Structures are given as C-alpha cells and as structure tokens.
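Single-structure report; data block below.
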Amino acid sequence: MKSPLVDPVLWPIIGIIVVLLVGGSVVGLLLKRAQQRRHGQVSEVVQNLVQRVNAWWAMVVVLAGMTLIGQSALIFLYGALSFFALRELTTLTTTGTSSKTVLRIAFYILLPVQYLLVSSGWTTLYLVFIPVFAFIGIPTLLSLTSAPSGFLVRTAKLQWTVLVAIYFLSFVPMLQTLPVVDGPAGSPRLLVFLVFTSQVSDVAQYIAGKLFGRHAMAPHISPNKTVEGLVIGGGVAVGLGALLHNLTPFGPVGGLLLAALVVGAGVCGGLVFSSVKRSLGAKDWSASIAGHGGIMDRLDSVVFGAPLLFFAVVLFANVTLHNQRPEWVMHLLQQL
Amino acid sequence: MNPTPTILQRLLRTALRIAILLFAGVPRLRNDDLPAGPVVLFAKHSSHFDVLVLWAAADAALQKRLRPVGAADYWGRTPWLKWAAEWVLSAILIDRHPAPGERPLHDAEHALKDGACLLIFPEGTRLTRHRVGPFKSGIYWLSKHNPDVALVPTYVANAGRVLPKGDWLPTPTNCHVVTGAPLRVEPDELRPAFSTRAERAVGALMSPDVVEVDDDTGIAAPASPTLAALSSPRSPA
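So the sequence lines, in the order shown, correspond to chains A and B. Each residue of the first sequence is one higher than the one before, counting from 1 in this note's numbering. Each residue of the second sequence is one higher than the one before, counting from 337 in this note's numbering.
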C-alpha cells in the first residue's frame, strides 16, 4: 500500500481537521481562563468541552499514526476497539453462565478471524462469516450446552452484541480496502469521510441543541437530542459532506447523499444504543474515556454508518468485490 | 511502606497490570478515597481475579502500601506461586492452621504499624458471587488488637464473571472496585455481632441500582453493582 500522504485529495481535509482542533483547544482555553477570572471556577459544560477536544486530539493522532504505519496497524487498532466494545456490551447485557462458551468464542475466535478477513482479499467470506456462519453456530452451541429457558433472549443478546461490536465495527478498516475507481488503492478517503462527517455531526448537533433546542426528539430515551439540533447540526454536517465529495467516488450530490446517510446512521446509532443503555439502567456504557463515557458512547455514531457507507459505495459505484481465496485454501481445494 | 521496587519488578508489575486490565477494563481505586492511617480492605471473594483486579486498580500512591493477604498453604504450594505472590504482588502469606501459641497475623500487624493497606478476604475461600459470608474471625481480632485500623468494606464487581472458580480461560468483562464507609469494632462488641455487621456492609455494596434477571435461572441477581458505582465512586454505606 502506498502512503496516504501521496494522496493529494486528503491534504486539504487534514488541514481543516487540524484548524478545527486548534480552534477548539483555543476556545476551550479562553473560556476556562475567562470563567476562572470571573467565577473562580470552571463550569461543567466547559470542562466537558475541553475533555471532548482533548479526546478528539488523541483520536486524530492515533488514527493518523496508524494510517501512516499501514493498513495492518489500522486493522489492529479497530480490532482492539472491537474488543473493548464487545467487553463493554457483554458486561452490561449479562447473559448468565451458560453463555460463557459462546462469549469466549466471540472474543478469542470470531473477533480475530473477522479482522484477519478484512485484509485477506476474501471479501465474500468476510461478508458472510458472522451473519451466516457464526449466527448458525451460536444458537447451535447454546442449545447443546444449556437448558432451554430464556433461549431466544440469550441468543438475541449474544448475536446482537457480536453483530454490532465485531461485524459492524470491522467495516471501518474495511472501507480502506475498497478499490474505489481513480483513487490510489488503499487510500483512507472513505474512512476519513466517515469519521469526520459523523464526528462533526455529533458535535454540531450537540451545540445546535444547546443553543436552539426546544422540542425533544425522543424524550424517553435521549432527553438531550432535539429536533432543532438534528436539523441544524445534521444540516451543517451534510453540507460539509457535500463539500468533501471528492473523498467519495461520487459528485457533489452523491457526496451530499452519502453524508446524509452517515449523519442519519449516526442519529439511529445514538438512539438505538441509548435505548439499550437505558433498558439496562446505565447513563454511560462505562467510564473508560474521560469526558466521553465508555467506548460505545463514542462509537455509536459510526457503528451503523460504516456498513451503510460500505454497501452504498459497493452498490452504486464501480467496485468489484474480491473472492480471492488464500493459497492454502486453493491448495486444499485441489486435493479434494 | 513497601520497599522501592527494582527495575525488573516494575517491568513485571506493569506487564501484569496491562494483562489484567485487558480482561478487566479500567477499575480504579484511589489512595485519597481511603482513610490515611493503617487500613484493612475486607472484600467478598468469588474468584482469583478479585485480588488481581484490586491490585491492578490501585493508583500509584496506593500501590506503595497495598499488601494482599493470602493463605500460606494455598499460595505456598509451589515455589513459583509463592514467588509470584510475594515478589510481584507484595502479598503477606499467613498460616491458616497455626500451632498453639503462634500468632499467624504477626506479619500483617507489623505491616499495619507501618501504615500499610491490607487486603483481606474474610470468607477465607472463593464462594458463590451472589451472597456474602460467613466471615472468619481474622478481621475482628485485627481490629480488636489494633483499634486505630480502619476496616473498609470492599467489593470487586464482576471479577467472578471474568474468572469463575474452576475456570482457566478468562472471559473479558469490565470490573469495578467499590468501597464503603470504614468500620471499627466497638469496645464491647462480640464477634458474631461484628461479623454480621461487616457482612452487611459488603453486601450493601453489592445491592444494585439495577436488578437484572439471570437468563438461565430466571432469578433476579445483582448483576451490575457497577452501574451504581459509576455515578459515585464511593457508594453510600
């Protein structure tokens, strides 16, 4: 893979990200100073802002570093995030001792295999490994090892966590392997598009909601999400996505639609994961990241966006999926 | 205070800490949240992971004075195990079946005079994770003989899910350490009364905001004291 730095399309966007983050840090610092001078203490909102900006810095630095090192580093990074996400989800969605074997298989077999398949070139197997093979295996194993009570509930909990934490999340590094026409192969354009659009959408909705929010969108699930926030904040993110259309294989209108897809997926993710969280009685998924709650609190906006973006590009752009079986599989097939 | 660790000790401890946290998330226990003088953390024991999680959760200041207390007959079975317990975890191993006249808690009391923070599992062995007790008499006598020691009820949530008794392959689960208000033995308090009080203090830490039904048994189990612990690091006693 060529270094993404040779992809000139990415330069302006990297510039924009750095400017935004520097701006965020400066604003945070100024607000902190002003409040300290006036009230002698810093309000919770400003502290939250500073922590968020700091976590974004860390995110951008890690993501950029991993992308520069190469595709396998990026895959490893998302493999680790998947591991943390799965740990977080299974901690809260307790499934009882009978599910232990399946949980371990998810951690020690399904997760590594899925991420090895990302870069294997055997994309067809990558796509069906979890939704077909694992989802037949999980209930079979459960029925072999446990009593029937609560069977469907247990199966649903396990399959859903595996689907979300392993399968959906693995599409983020998968986006980089898509051979998009007339872009340098292996350039992280789509990945940058996804992460940037969804994060901007998150923060724009948060700010717009604080400033103009009147009508709660889903009062029982996320009291902070407002219709005004969604329309204004989401609109900003969609407009930005249209400007960044040359990161995608489409023109301005296509870019706008893709951005709308990513923003919409982020909203759906936020709602769905809030529902799960609230049904389990928690405010945050865990306390892993300062100012951000748990891993899932940050990833809920890309978890649905990644597979949707992947399939939107596969369905509507000139992309061919590979069915490139590894050497040893071909060798084995010849023996049969 | 524990002796300053050598470079090799530091490396080993960091590696072990990372390995534990891979399976146990980011539990935290801050020295500032504990009383300043000699402290005994007494905790529910459901897994070997209890002691590891608590040890890994300690912040730098607490690491300097944390001493897990273990049974010599269990941890001294092989030289390697004894070495790992004493040299890596700075554990104090005590004789569970002392000869008459011997004082098995001598080393522990000595460490307490030095301002140590002992970690004791008064159940004496790993029991089921849904119920506390019965406690053995060790912490009663420790407090009786050393009235300045603060006994802090402690609960390591979810450690029993990572590595239930009898398992060898851990199931990654986020763990949390919860502590309650310190106890002391009252001047004329008898052992059974104190034990009940101590067991209740640990049990109160388990009592959850959320009661989740175990899908296997249909029994409502205190699945996630973690959730209560998240909003307030020191949950009400």
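Where is the CB? At the ideal position from N, CA and C, for every residue including glycine. Everything numeric in this text was worked out from a predicted model, so none of it was measured.
Comparing alpha carbon positions, the residue from A:V45, A:V253, A:S149, A:L261 closest to G96 (chain A) is A:S149. DSSP, read as helix, strand or coil, puts R52 (chain A) in helix. For G539 (chain B), there are no C-beta contacts with chain A under 9 Å, since the nearest C-beta of that chain is about 19 Å from it. Following the DSSP letters along the chain, one finds V405 (chain B) inside the beta strand (DSSP E) bounded by residues 402-407.
Runs of beta strand (DSSP E) with 3 or more residues, each lying fully within the stretch 185-231 of chain A, are found at 216-218, 222-226, listed in chain order.
At a beta-carbon threshold of 9 Å, the residues of chain B lying near T91 (chain A) are G361, N494, R497, P508, T509, N510, C511, S560, T562, ordered along the chain. Spanning the alpha carbons of T350 (chain B) and G251 (chain A) requires a straight line of approximately 51 Å. Using a Cβ-Cβ cut-off of 8 Å, L365 (chain B) does not count as an interface residue toward chain A, since no Cβ of chain A sits closer than that to its own. Shown here, C268 (chain A) sits in a helix according to DSSP, grouped into three states. Between the alpha carbons of D484 (chain B) and E522 (chain B) lies a distance of about 12 Å. When C-alpha distances from G239 (chain A) are compared across A:S201, A:V61, A:S301, A:V192, the shortest belongs to A:S201.
Exposure of I354 (chain B) is indicated by the presence of fewer than 16 other C-beta atoms within 10 angstroms of its C-beta. Counting only runs of at least 4 residues, the stretch 81-124 of chain A fully encloses the following alpha helix (DSSP H) elements, listed from N- to C-terminal order: 100-105, 111-118.
Only residues of its own chain outside the window of five on either side were considered, and among them A73, L74, F76, L77 have a CB closer than 8 Å to the CB of M66 (chain A), listed in chain order. For G406 (chain B) against A435 (chain B), the beta-carbon gap comes to about 19 Å, at or over 8 Å, which does not count as contact.
Counting of Cβ neighbours within 10 angstroms places Y126 (chain A) among the buried residues, the total reaching 16 or more. The C-beta of L390 (chain B) comes no closer than 8 Å to any C-beta of chain A. Nearest neighbour of I166 (chain A) by Cα position, chosen from A:V302, A:I69, A:F83, A:G241, turns out to be A:F83. For the options B:W423, B:A486, B:L441, B:A447, the alpha carbon positioned closest to that of L347 (chain B) is the one of B:W423.
Contact between the stretch 444-457 of chain B and the stretch 476-483 of chain B is present: three or more C-beta pairs spanning the two stretches fall below 8 Å. In the three-state scheme derived from DSSP, where H, G and I count as helix and E and B as strand, H381 (chain B) is classed as coil. Look at the beta carbons and you see the stretch 20-40 of chain A not touching the stretch 262-270 of chain A: under three pairs across the two are nearer than 8 Å. Residue contact with chain A for L357 (chain B): absent (no Cβ-Cβ distance below 8 Å to any residue of chain A). For E44 (chain A), there are no C-beta contacts with chain B under 8 Å, since the nearest C-beta of that chain is about 14 Å from it.
Within the same chain, V468, G469, F471 come within 6 Å of E535 (chain B) by CB-CB distance, once the 5 residues on both sides are set aside.
Secondary structure within the stretch 392-441 of chain B: the alpha helix (DSSP H) runs of 4 or more consecutive residues, fully enclosed, are 396-399, 408-411, 415-419 (chain order). For V313 (chain A) against P249 (chain A), the beta-carbon gap comes to about 6 Å, under 8 Å, which counts as contact. For H481 (chain B), the enclosing alpha helix (DSSP H) stretches over residues 474-481.
At least one CB of chain B lies nearer than 8 Å to the CB of L103 (chain A). Using a Cβ distance threshold of 8 Å, R432 (chain B) and A486 (chain B) do not count as a contacting pair. In the structure shown, A147 (chain A) adopts coil according to DSSP, grouped into three states. The beta carbon of G516 (chain B) lies closer than 6 Å to those of P489, A537, L541, A573 in the same chain, with the five residues before and after it left out. Residue contact with chain B for R298 (chain A): absent (no Cβ-Cβ distance below 8 Å to any residue of chain B). Residue-level contact check: L347 (chain B) does not touch chain A, since none of the beta carbons of chain A fall below 8 Å from its beta carbon. In the DSSP assignment, L454 (chain B) falls within the beta strand (DSSP E) that extends over 453-456.
A Cβ-Cβ distance of about 5 Å is found for the pair V262 (chain A) and S198 (chain A), placing them in contact under the 8 Å criterion.
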